[in-house]
Every structure is written in C-alpha cells, then in structure tokens.
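Structure first, commentary second.
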DNA sequence: GGCGCAAATGCTACTATGTTGCAAAACCAC
DNA sequence: GTGGTTTTGCAACATAGTAGCATTTGCGCC
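Chains as they are written, first to last, in the numbering used here: chain C, 304 to 447; chain V, 304 to 447.
Below you can see the structure in the form of structure tokens.
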C-alpha cells in the first residue's frame with residue numbers, strides 16, 4: 304500500500320527472480336521474512352488467513368515450491384512428517400538448524416556451519432552436510 | 304525352525320528386552336538386521352511378504368514402534384515424508400547418517416560422530432546433534 | 001488504455017503415510 | 001490344558017501432499 308515506486312523486500316525478491324507479482328507470493332514471502340523460524344505449510348496458511356488473503360491449500364504448496372525452486376526459500380523435513388519452509392537469506396542452505404524438542408519449532412542458524420570433518424568409508428561421495436541440533440530453545444528452556 | 308535351544312540374533316534381542324516372541328517381531332528384526340541401510344515401513348512390509356509372512360500394515364507400525372521404544376531400533380525422518388527404521392546396534396543413536404541423493408537410500412554411519420563444536424546463540428540448550436551427509440553412495444557414484 | 005496469452009489460481013478428487021478403537025487370536029505362565 | 005494379558009488384524013479415520021483441469025489474472029505488447 305502507499306507508494307508504488309518503492310518495492311517491499313518481498314516484492315524485490317520476487318522481481319529479482321523474474322516471477323509474476325501475485326498477491327499470494329508477496330503475502331507468503333512477507334510471512335516467511337517476518338518469521339524467525341521455519342514454518343509449516345499449515346502455519347503459513349493460517350497467517351495468510353489472518354491477513355484476510357484468500358488462498359487455496361494447493362496454491363500454497365505450489366507457491367512454496369516455486370519459492371524453493373527460485374532459491375528464495377528452502378525446504379526441510381522435520382521429525383513429524385511435515386515439511387517446513389524458511390527464507391534462504393544467504394547463498395546455498397549450508398547452515399545448521401536448531402530443532403526445539405519441546406515446542407517443535409525449527410530455527411535457522413545462519414552462518415553457523417561447523418567443521419564437519421568426518422572420514423567416510425571408501426566409496427562415498429560427500430555433496431553437502433546437514434546438521435540438526437536438538438534441544439530446548441530460549442523460550443522453552445527458561446523455566447527449567 | 305531347527306534347534307530350539309539356540310536363539311537367532313533377532314530372538315536374543317527380543318528376549319533381552321522382555322518382549323513376547325512373535326512371528327512378526329522376529330521377522331521384522333531379521334529384516335532390519337540383514338539390511339545395510341535404513342528401511343521404510345513399506346520396504347520392510349515387502350520383505351515380510353516375500354518371506355510369506357502374513358502381516359498387517361498397522362501391526363508393522365506397532366511392531367516398529369515397539370522396537371524403537373525398546374531401544375532395539377531407531378526411527379528417523381527423511382526428505383520424503385516416510386520414516387525410516389534401522390537397528391540401533393550401539394547405545395543411543397548418536398551417529399551420522401548418509402543419504403544418497405540418487406537412490407534415496409539412507410545408511411547409518413556408526414561411530415562416525417564428528418566434533419560438533421558450534422557456539423549457539425545465547426539461551427539455546429543443546430541436547431544432541433544429528434548429522435546427515437548428502438551425496439552419492441558407492442553403488443550410485445561408481446559410474447560417475 | 002485495451003488485447004491476448006502464458007502463468008498462476010482454485011476447485012475436486014486422489015495418493016501416501018500414519019493413527020485409533022475394538023474384537024479375535026496368539027503367547028506364555030501355571 | 002487353562003487363564004489372563006499382549007499382539008494381531010480389520011476397518012475407519014486423520015493428515016500431508018499431489019494431479020488434472022477450467023477459470024482468472026499478471027503483464028508484455030500494440
């Protein structure tokens with residue numbers, strides 16, 4: 304709303320990828336950018352609904368897929384069978400994730416790639432490593 | 304079959320956990336012990352069917368759950384939304400996993416826990432770390 | 001500003017994975 | 001063998017994600 308000459312962060316990201324500027328994409332990206340943790344498809348859907356943005360389950364899946372393919376967002380599987388999405392702020396998603404075992408939230412720990420020095424049994428070709436830390440997040444661990 | 308005084312490895316494991324010795328449990332554990340990689344519920348079911356062992360999808364889920372609870376097997380989520388199971392030969396599953404991006408197989412790399420020395424942003428309590436290596440397994444990477 | 005077309009949406013229906021409740025059967029102790 | 005508890009098997013349900021297709025919409029082009 305307001306000034307049509309300046310683009311919101313979400314709009315810039317979409318424009319940079321040469322994609323169409325649709326209501327859903329901007330809204331989804333806004334939600335993702337505002338979130339501090341990775342969100343499930345369901346959580347994003349709820350956020351859109353709160354903003355009164357009409358959408359379909361399927362459209363959301365496709366929008367999310369497009370964002371991942373465009374390199375704007377990244378997708379990951381959790382312990383439950385729900386995929387979570389987050390914005391991929393920097394380069395490839397070569398960063399660690401923190402999974403809170405109490406509230407189930409997943410946070411991206413950018414720029415925290417540890418030195419993974421494992422020596423694989425012969426024959427294995429390492430492409431990339433994914434590190435998931437388990438424990439309690441600041442909020443959940445407070446009352447310990 | 305054969306000698307009832309000697310127990311198979313699978314039978315010993317079940318007996319050690321104080322569980323009942325049922326057809327399904329022994330068969331499932333046999334499959335798991337024979338497998339070099341983590342198997343999905345579906346793959347295990349297929350293996351049982353090949354052996355002519357009558358079973359139910361639900362029973363298999365429950366058997367697998369029991370094995371996990373008993374500490375005999377361990378469960379993990381993959382990129383797809385299917386959980387994979389493997390035998391937990393040693394202690395807690397503090398080991399790394401190798402995921403082949405070509406054939407989708409997941410192999411347990413026992414005794415390969417790397418030094419995960421990340422400094423978490425204040426407030427986070429680390430419980431355990433899970434490392435997943437992505438790349439090509441010996442079989443798939445051979446023809447490169 | 002209007003036109004046309006490809007891309008995106010929204011619908012319905014479907015697949016896959018996993019769970020729950022309950023009656024029947026199997027396991028094991030006696 | 002008998003009894004009691006655990007497991008099994010069935011059917012129905014729940015959840016996450018996918019497929020096909022008609023309609024709408026963003027956007028380049030005139």
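The C-beta atom is built at its ideal place from N, Cα and C for all residues, glycine as well.
Is residue i helix, strand or coil when you go by DSSP?
| i | result |
| --- | --- |
| residue 444 of chain V | helix |
| residue 346 of chain V | helix |
| residue 360 of chain V | helix |
| residue 404 of chain V | coil |
| residue 433 of chain V | strand |
| residue 311 of chain V | coil |
| residue 412 of chain C | strand |
| residue 386 of chain V | strand |
| residue 337 of chain C | helix |
| residue 439 of chain V | strand |
| residue 391 of chain V | coil |
| residue 305 of chain V | Caution applies to residue 305 of chain V, whose pLDDT of 43 falls short of 50 and renders its modelled position unreliable; the value that the coordinates give is listed next. Coil. |
In chain C, what lies closer than 7 angstroms to residue i by C-beta?
| i | result |
| --- | --- |
| residue 429 of chain V | 436 and 438 |
| residue 433 of chain V | 435 and 437 |
| residue 322 of chain V | By Cβ distance, chain C contributes nothing, its closest Cβ being about 25 angstroms from residue 322 of chain V, past 7 angstroms. |
By the criterion of Cβ-Cβ separation under 7 angstroms, what are the contact partners of residue i in chain V?
| i | result |
| --- | --- |
| residue 404 of chain C | 430 |
Taking the alpha carbon of residue i as the point to measure from, which residue in the options has its own alpha carbon closest?
| i | options | result |
| --- | --- | --- |
| residue 323 of chain C | C:346, C:370, C:350 and C:360 | C:370 |
| residue 399 of chain C | C:345, C:377, C:356 and C:353 | C:377 |
| residue 435 of chain C | C:412, C:410, C:401 and C:383 | C:401 |
| residue 375 of chain V | V:318, V:437 and V:441 | V:318 |
| residue 356 of chain V | V:336, V:328, V:430 and V:412 | V:328 |
| residue 367 of chain C | C:445, C:386, C:382 and C:352 | C:386 |
| residue 425 of chain V | C:432, C:433, C:426 and C:412 | C:412 |
| residue 432 of chain C | V:403, V:442, V:350 and V:343 | V:403 |
| residue 342 of chain C | C:441, C:383, C:429 and C:430 | C:383 |
| residue 389 of chain V | V:316, V:336, V:310 and V:315 | V:336 |
| residue 439 of chain V | C:427, C:441 and C:439 | C:427 |
| residue 406 of chain V | V:373, V:444, V:429 and V:423 | V:444 |
| residue 408 of chain C | C:380, C:423, C:391 and C:430 | C:380 |
| residue 330 of chain C | C:313, C:338 and C:429 | C:313 |
| residue 373 of chain C | C:442, C:353 and C:320 | C:320 |
| residue 334 of chain C | C:325, C:344, C:350 and C:345 | C:350 |
| residue 326 of chain V | V:345, V:352, V:442 and V:339 | V:352 |
| residue 441 of chain C | V:437, V:429 and V:310 | V:429 |
| residue 410 of chain V | V:310, V:332, V:338 and V:347 | V:338 |
| residue 391 of chain C | C:310, C:311 and C:332 | C:332 |
Could you tell me which chain V residues have their CB closer than 8 angstroms to the CB of residue i, listed as they occur along the chain?
| i | result |
| --- | --- |
| residue 401 of chain C | 423 and 427 |
Report the neighbours of residue i on chain V: residues whose CB is nearer than 9 angstroms to its CB, in chain order.
| i | result |
| --- | --- |
| residue 380 of chain C | 380, 381, 382, 383 and 384 |
| residue 444 of chain C | 426, 427 and 428 |
Mind listing the chain C neighbours of residue i? Cutoff is C-beta to C-beta under 8 angstroms, in chain order.
| i | result |
| --- | --- |
| residue 312 of chain V | In chain order: nothing, as chain C lies at least about 23 angstroms away. |
Can at least three beta-carbon pairs, one atom from the segment 347–363 of chain C and one from the segment 350–361 of chain V, be found at a separation below 8 angstroms?
-> no
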